[in-house]
Amino acid sequence: MTKILDYQTRNACLNPLLKNNWAIIEGRDAIRKTYVFEDFVEAFGWMTRVAIWAEKWNHHPEWENVYKTVTVILTTHDVSGLSPLDVKLAKKMDSLANE
């Protein structure tokens, strides 16, 4: 079962993401990042690659796509906050965006 990030590991897990343009959402235990791609096809292709990993890990993002911009929110609804799954998916999203 997935568990919420505990106080001891939270900063160690989130600090690298925050340095990579993720932000904590005020009033919600979640993180957000906006990705801007060259065009719609690149944005949608990235979303498709992310969707494969999200499905494999059974952990799905909240996201919005407008033309070449994708805004992502990650939180784990089962635990009502951030979990190691969010950190794992955020890192995968960043690596796929840099391919």
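Residue numbers for the sequence shown follow this note's numbering, so the first one is 283 and each next one is one higher.
The C-beta atom is built at its ideal place from N, Cα and C for all residues, glycine as well.
By DSSP, does residue i sit in helix, in strand, or in coil?
i: alanine 294; result: helix
i: lysine 374; result: helix
i: glutamate 337; result: helix
i: glycine 327; result: helix
Under DSSP, the beta strand (DSSP E) around residue i begins and ends at which residues?
i: valine 318; result: 313–318
i: tryptophan 345; result: 344–348
i: valine 354; result: 351–356
Under the assumption that residue i contacts residue j (Cβ atoms under 8 Å), give the Cβ distance between them as a whole number of angstroms.
i: alanine 372; j: isoleucine 313; result: 7 Å
i: leucine 287; j: leucine 356; result: Wrong, their Cβ atoms sit about 12 Å apart, outside the cutoff.
Any heavy atom of the ligand GDP inside 8 Å of the beta-carbon of residue i?
i: glutamate 308; result: For the ligand GDP, the structure offers nothing, since it holds no ligand at all.
Decide if residue i is buried, meaning its Cβ has at least 16 other Cβ atoms within 10 Å, or exposed.
i: histidine 359; result: exposed
i: alanine 305; result: exposed
i: proline 343; result: buried
i: methionine 329; result: buried
i: alanine 294; result: exposed
i: alanine 333; result: exposed
Problem set entry | Cβ contact check for the segment 358–373 and the segment 317–327: 3 or more pairs under 8 Å | no
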